[in-house]
Amino acid sequence: MGLQPYVILSAVVFCIGLFGVTTRRNMIGILLGIELMMNAVNINLVAFARFTGSAAGFIFTVFIISITVTEAAVGLAIVILLFRVRRTVMADHLDLLKG
Amino acid sequence: MMNDPGALALAAWLLPALSFLVLSVVFPFRRLGPPAAWFSILCAGGAFAAAVMAWRIQAESVVPVHLVWPWLPSQGKTLADVGVLADGVSTIMVCLVSLVALLVQIYSLGYLHDETRPALGRYYTYQSLFAFSMIGLALSPNFLQLFICWELVGLCSYLLIGFWYQRPAAARAAVKAFWITKAGDVGLLIGIVMLWRQSGTFDLTQIHEMAAAGALPLAGLSIITFCIYLGAMGKSAQFPFHVWLPDAMEGPTPVSALIHAATMVTAGVYLLVRTDWLFALTPNVLLIVAWIGAFTALLAAVLACVQDDIKRVLAYSTVSQLGYMMTAIGAGVATAGFFHLLTHGLFKALLFLGAGSVIHASGSNDLPRMGGLARRMPQTAIVFIVGTLSLAGIPLFGGFLSKEEILGAVWAGGLPGPFAILMLVAFLTAFYMFRVVFLAFFGAPAHEAPHAHEPPATMLLPLWILALMTMVVGGYTTFNGGGAEAASPAWLTPSAVGAATAGILLAWLTYQRRAIDAASLAGMFGPIRRAALAKFWIDDLFETVYGVILLGFSRGIGWIDRYLVDGVLNVMSAWTLSAGDHLRRIQTGRAQDYVYGVGVGILMLVILMRLVFT
């Protein structure tokens, strides 16, 4: 099938994830968007690894997956703590640093 | 050293400097009062002795002595020296200055006995500084030292006029004197620098040699001499710069005698005498000098006739006599002007010191309040009348020959206009001075002066010394004079003496005999008298010029400074503030917006990389 469709897929998924991060009001939604972006990167890496025969892509992908798990755990913990303090999960309520 | 006129002149210059340094630095000594005064008098006496010795030895040897040290190095050679130039003119000037300074300092001990000790010490510090500056001016070998001493003399005048600085009138008068002489000094500085550019040196002797050899370019020389004359106008109170001198009478009377009769005001005349060879190259400027001198003499004489303050009469008289000296210089005979400077120094100091005794005795300066003082103060009356006769130019008295010489010089110089003016001024001089004599010393006293008595010995001694010197000079010159101006016409002396006698006669008839009513005499000159009482509105003119032009100019500059210069800065800061106000909206505080910004930024960078770095 060729490399190109996979790269395009990765780019599209990345953009959808980026759009989600910037647009969703709910913090869980933002975390989902971040997950999407990371997975898009994974798709990209795996595609390149498959088509160039180098195993580095696969190894890198495994690392990214494990780090993604960590980061999701931390992110959810922050959201829960924020909810306890601020009683909200809407990102645009957190504007204390507004100039 | 005792035979070298240069070294003696240097000693005469530096002794008052020593007195000034000791008195100004060692302030416990100064605060003692009379001991500091005696130290200053001692130094002044030493200076006078050295000056007389220098004069006598210099007169024998005739060769000018140049005793200088290199001072300002510049490009390998010296720009200016410091030291003394002892020739005939300078040594005799130093004699006059040191003599009057010494006598005034002795007199001041008696006159200022009411002062507190620190104030007395301060007075003698200033007196010593003045003596140092004036002698330095007289002896200076180059224009630079002359200018520095010139300014120092002006400073001392300010300090001494404003000696009683707590009095607002005295403080104002001191500032006025400084301000007006400073205006002239600017001209002098410009003239000196321009002369340096033409000749390459500041040294008087070198420039004299260049002028004699014709090495000085004549183009632009008139401007130079006119600028130097401006400086002389300021110091020697020529019209219109004469307005500071009458107000300067706010200072103590001995100060008026020293500075505003004998020495500082003569600095301008002295400068012109010193540089008469330079002015001889620019006869058109000399013509201006003569006419302004004659006009000043007339103006001041008219103003003196209407004054009721004895010191103001003498002040205007000084301005008038300075006009006489300047007219002689303008006629080309600087020696006649210088001779009158010397005799005038003697009898005007005498008159001022005598007026001081009168003021001391009657408690005020007001002429109408005085009267009949001759009975109570016979010695003062005698010396004052001696001084007055000298001023009027009566034979056998000090001012006779010098006045004749000036009149002869002006006539021989082909200036009939100034000559006629000076004759009129001679008449007026005799009139207003004898008005003072008759009003103060004779007649019935208007008020009984409570303690009108002879002044103490410290005040009488200088008076008698000056009176005797005036008589000696008068007697000697009346019989031996006429050497320089033998070419004056035969009718000159009798008509001059006649004019003076007529003035004395008119004063006697009006004020002593009361044969002519003073009020109707004044009424005859109604409009002139009214103008004279308003000082011919010259002071008001200066005030208007100052107010309108100077203050208006500074208001305009202030507007520019506030609205344009500051305005630029204010606008820039306003723009910065408004830009900040607008840009802070980027800072929403929401992390999502920042992520959006990062995304957009990376996109821009990628596009940039693709387009620019292909």
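Each protein sequence line maps, in turn, to chains A and B. Residue 262 is where the first sequence starts when you use the numbering used here, and the numbers rise one by one after that. Residue 1478 is where the second sequence starts when you use the numbering used here, and the numbers rise one by one after that. Just so you know, even glycine gets a beta-carbon here, dropped at the ideal spot from N, CA and C.
Got a sec: is the Cβ-Cβ distance from residue i to anything in chain B below 8 Å?
| i | result |
| --- | --- |
| L297(A) | no |
| L358(A) | yes |
| T329(A) | no |
| L342(A) | no |
| A352(A) | yes |
| L293(A) | no |
| V307(A) | no |
| V282(A) | yes |
| L337(A) | no |
| L355(A) | yes |
Closer than 7 Å by C-beta to residue i: which residues in its own chain qualify, once you throw out the five before and the five after it? Chain order, please.
| i | result |
| --- | --- |
| W1941(B) | V1860 |
| T1439(B) | Outside the shown range of chain B, which is 1478 to 2091, sits residue 1439(B), and nothing can be said about it. |
| C1633(B) | Y1603, L1606, F1607, S1610 |
| C1520(B) | L1492, P1493, L1495, S1496, S1605 |
| H1837(B) | Y1588, P1932 |
| F1438(B) | A query on residue 1438(B) cannot be resolved here, the shown segment of chain B reaching from 1478 to 2091 and no further. |
| A1808(B) | A1767, A1886, V1887, G1890, L1892 |
Using beta carbons (cut-off 8 Å, strictly below), is residue i in contact with chain A?
| i | result |
| --- | --- |
| R2061(B) | yes |
| T2053(B) | no |
| G2076(B) | yes |
| R2087(B) | no |
| M2081(B) | no |
| T2021(B) | no |
Can you tell which of the options has its C-alpha closest to the C-alpha of residue i?
| i | options | result |
| --- | --- | --- |
| G294(A) | T284(A), N305(A), T283(A), G278(A) | G278(A) |
| S1972(B) | L1884(B), A2051(B), P1731(B) | L1884(B) |
| T1820(B) | A1486(B), I1612(B), T1865(B) | T1865(B) |
| I1765(B) | A1689(B), T1804(B), P1729(B), T1740(B) | T1804(B) |
| A333(A) | L355(A), L292(A), D353(A) | L292(A) |
| P1511(B) | E1931(B), T1955(B), T1602(B), E1537(B) | T1602(B) |
| T1987(B) | C1782(B), L1755(B), A1615(B), F1506(B) | C1782(B) |
| E1628(B) | A1650(B), G1708(B), A1688(B), E1686(B) | G1708(B) |
| R1852(B) | M2049(B), G1890(B), V1914(B) | V1914(B) |
| V1692(B) | L1672(B), T2065(B), Y1706(B), H1719(B) | Note that residue 1692(B) corresponds to Ala in the displayed sequence, not to Val. If we check each option's Cα against that of A1692(B), L1672(B) comes out closest. |
| I1569(B) | Y1588(B), R1599(B), R1533(B), A1578(B) | R1533(B) |
| F319(A) | V302(A), V330(A), V335(A), T331(A) | V302(A) |
DSSP three-state label for residue i, please.
| i | result |
| --- | --- |
| T1555(B) | strand |
| V340(A) | helix |
| P266(A) | helix |
| L1693(B) | coil |
| P1550(B) | strand |
| M1479(B) | coil |
| A1536(B) | helix |
| D1786(B) | strand |
| D1843(B) | strand |
| V1545(B) | strand |
| M1946(B) | helix |
| L358(A) | coil |
| M2086(B) | helix |
| V1913(B) | helix |
| V1561(B) | strand |
| M1854(B) | coil |
| M1741(B) | coil |
| D1680(B) | strand |
| A1961(B) | Its pLDDT being 48, under 50, A1961(B) is placed unreliably by the model, and the measurement read from it follows with that caveat. Reduced to three states, the DSSP call for A1961(B) is coil. |
| L1775(B) | helix |
Spatial neighbours of residue i within its chain, please: CB distance less than 6 Å, with the 5 preceding and 5 following residues excluded, ordered by chain position.
| i | result |
| --- | --- |
| D1564(B) | P1541 |
| I1981(B) | A1907, F1911 |
| I1700(B) | none |
| A1557(B) | W1548, L1549, N1619, L1621, F1679 |
| L343(A) | none |
| L1576(B) | F1525 |
| I326(A) | none |
Might you give, ordered along the chain, the residues of its own chain that have their beta carbon closer than 8 Å to the beta carbon of residue i, omitting 5 neighbours on each side?
| i | result |
| --- | --- |
| I1583(B) | I1518, T1935, L1938, P1939 |
| A1944(B) | L1827, I1859, V1860, V1863, G1864 |
For a cutoff of 8 Å on Cβ pairs, would you count residue i as touching chain C?
| i | result |
| --- | --- |
| A2068(B) | In the structure shown, chain C does not exist; the protein chains are A and B. |
Next on the checklist: Going residue by residue through the segment 1971-2051 of chain B, where are the continuous alpha helix (DSSP H) segments of at least 4 residues, counting only ones entirely within it?
Outcome noted: 1995-2001, 2003-2010, 2015-2021, 2029-2036
Next on the checklist: Which runs of the alpha helix (DSSP H) at least 4 residues long sit entirely within the segment 1615-1652 of chain B? Give them in chain order.
Outcome noted: 1620-1638
Checklist entry - Hey, which unbroken runs of the alpha helix (DSSP H) at 4 residues or more fall wholly within the segment 1786-1811 of chain B? => result 1787-1807
Next on the checklist: At 4 residues or longer, what runs of the alpha helix (DSSP H) sit wholly inside the segment 287-313 of chain A?
Outcome noted: 288-313
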